[in-house]
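Residue numbers (our numbering): 1480 to 1846.
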Ligand SMILES: Cc1cc2nc3c(=O)[nH]c(=O)nc-3n(C[C@H](O)[C@H](O)[C@H](O)COP(=O)(O)OP(=O)(O)OC[C@H]3O[C@@H](n4cnc5c(N)ncnc54)[C@H](O)[C@@H]3O)c2cc1C
């Protein structure tokens, strides 16, 4: 009995395996990913082989997103851009796993969850449009065996030739459909983006659809709205992995400065590593609870998801800001981790749902 326990204890969990892979393979790549000279396809595929995108593949009542979030946080603790790409792949897997289209699942689920097929999500524009921030950019028309889609998305990450991503279009009768786009299909063009502050190594492109045929076996849901309602909490909660990982590293960086600069850093009131550890514990506890029931349809649950995402973004930016103050001139040197964490942290605040969108959503709920 005891031996069996000991054996079970030695089976590495997904989080341990991801941590080991991250520590072994990611540090030498971070600089190039940050500079935008390297897109870490092999590393992302390696995480797929470990199961990092498979934890919810049998989407059902017992689905729990915590393992996926924990694994993502291990990646983001070392590199926020790669943590974001892990979220992109997970979001894609989340859409496919929850689709009711058997043909689509047969075609894509295995390849997306093991990351032999890489990809992401183009849902920022729809997510903003559903909350009255901007208009839906993709237009679709029903044709024999599928849809024809036109329009453009300004930014989609973790893509490239041969990759796929989820999108939403609107038909002339205001019906919305959700689909998977194949970046290499005829009528799909990828456009280089202007360089970003960070995230240049994330395979981010503008995507143009020119009367692109989307076959029925690439349609996630002919009626996107109920589907979005089903996946929206998971979409948001999974992003916590990025936030938690970055905050953990910021705390580590602040602690690292104690021996040399603690005598003066201690005057940064309310911005001590202990303050952020406390905030992180509170946020993580709330996320852990919410991520255990991603299909909860109650308004009270949805509000908590939005609030927790807002808090996670705020805590990430606050921790990165404090890290800059703690690390001082060292952190201000180009190439220091602190300034990279700061640039990555702002992305958590601007990626959809951005801080301002989350605040609007909460204000609208009150109204
Ligand atoms: C590096 C990076 C990666 C991203 N990856 C994805 C992804 O994978 N999938 C996805 O769906 N979204 C992606 N986005 C978009 C992201 O999620 C947000 O939607 C985006 O950052 C803007 O959000 P916001 O709410 O702050 O909107 P705002 O920036 O306040 O407003 C957005 C609107 O402003 C206008 N606008 C923005 N930039 C410019 C510009 N340079 N010139 C003129 N007008 C402009 C456009 O009309 C746009 O719709 C990415 C963005 C960045 C910067």
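The C-beta atom is built at its ideal place from N, Cα and C for all residues, glycine as well.
By the Cβ neighbour-count rule, residue 1674 is exposed, with fewer than 16 other Cβ atoms within 10 Å of its own.
Between ligand 1 and the CB of residue 1604, the shortest heavy atom gap is smaller than 7 Å.
Residue pairing from DSSP places residue 1669 in a beta bridge opposite 1686. About 26 Å separates the beta carbons of residue 1522 and residue 1537, which is beyond the 8 Å limit, so they are not a contact pair. At least one heavy atom of ligand 1 falls within 7 Å of the beta-carbon of residue 1567.
Short of 6 Å from the beta carbon of residue 1791, and not among the five residues preceding or following it, lie these beta carbons of its own chain, in chain order: 1719, 1722, 1762. Straight across, the Cα-Cα distance linking residue 1535 with residue 1788 is about 20 Å.
Assignment of beta-bridge partners to residue 1694 by DSSP yields 1625. Proximity of the stretch 1741–1750 to the stretch 1763–1770 falls short of the contact definition, fewer than three beta-carbon pairs being nearer than 8 Å. At a Cβ-Cβ threshold of 8 Å, residue 1569 and residue 1699 do not count as neighbours. Rounded to the nearest whole angstrom, the C-alpha separation of residue 1818 and residue 1558 is 12 Å. Residue 1745 sits in coil when the DSSP states are folded into three classes, being neither helix nor strand. Ranked by how close their Cα comes to the Cα of residue 1615, the residues 1781, 1628, 1797 have 1628 in first place. Taken in chain order, the complete alpha helix (DSSP H) segments of 4 residues or longer contained in the stretch 1571–1646 are 1581–1592, 1603–1608. Counting only runs of 4 or more residues that sit fully inside the stretch 1745–1790, the alpha helix (DSSP H) segments are 1752–1770, in chain order.
Secondary structure of residue 1796 (DSSP, three-state): helix. Relative to ligand 1, the beta carbon of residue 1681 is positioned inside 7 Å of a heavy atom. Using a Cβ-Cβ distance cut-off of 8 Å, the stretch 1609–1626 and the stretch 1662–1679 are not in contact, since fewer than three pairs of beta carbons, one from each stretch, lie closer than that value. Exclusion of the five residues before and after residue 1836 leaves 1607, 1610, 1612 as the residues of its chain whose Cβ lies within less than 7 Å of its Cβ. When the beta-carbon positions are compared, residue 1605 and residue 1647 come within less than 8 Å of each other. Distances from the alpha-carbon of residue 1565 to those of 1760, 1578, 1519 put 1519 closest. In this structure, the beta-carbon distance from residue 1526 to residue 1490 does not fall below 8 Å. Residue environment analysis places residue 1776 among the exposed positions, since fewer than 16 neighbouring C-beta atoms fall within 10 angstroms of its C-beta.
Annotation for residue 1679: no alpha helix (DSSP H) segment contains it, and DSSP assigns it neither H nor E. The closest heavy atom of ligand 1 lies 7 Å or more from the beta carbon of residue 1608.
Per the Cβ contact rule, the stretch 1800–1818 is in contact with the stretch 1727–1737 (3 or more Cβ pairs under 8 Å). In its chain, beyond the 5 residues on either side, 1692, 1693, 1694, 1695, 1697, 1698 have a beta carbon closer than 8 Å to the beta carbon of residue 1625.
Taking 8 Å as the cut-off, the beta carbon of residue 1822 is found no closer than this to the beta carbon of residue 1587.
When the alpha-carbon of residue 1786 is set against those of 1797, 1549, 1842, the nearest one is in 1842. Listed in chain order, the non-local C-beta contacts of residue 1562 below 7 Å within the same chain comprise 1551, 1554, 1555, 1720, 1721, 1724, local neighbours out to five positions each way being set aside. For residue 1661, the enclosing beta strand (DSSP E) has its first and last residue at 1655–1661. Out of 1589, 1824, 1714, the CA that lies nearest to the CA of residue 1798 is found in 1824. In the three-state scheme derived from DSSP, where H, G and I count as helix and E and B as strand, residue 1700 is classed as strand.
Straight-line measurement puts the Cα of residue 1618 at about 36 Å from the Cα of residue 1795. The bridge partners DSSP lists for residue 1648 are 1656. Short note on residue 1675: C-beta closer than 7 Å to some heavy atom of ligand 1.
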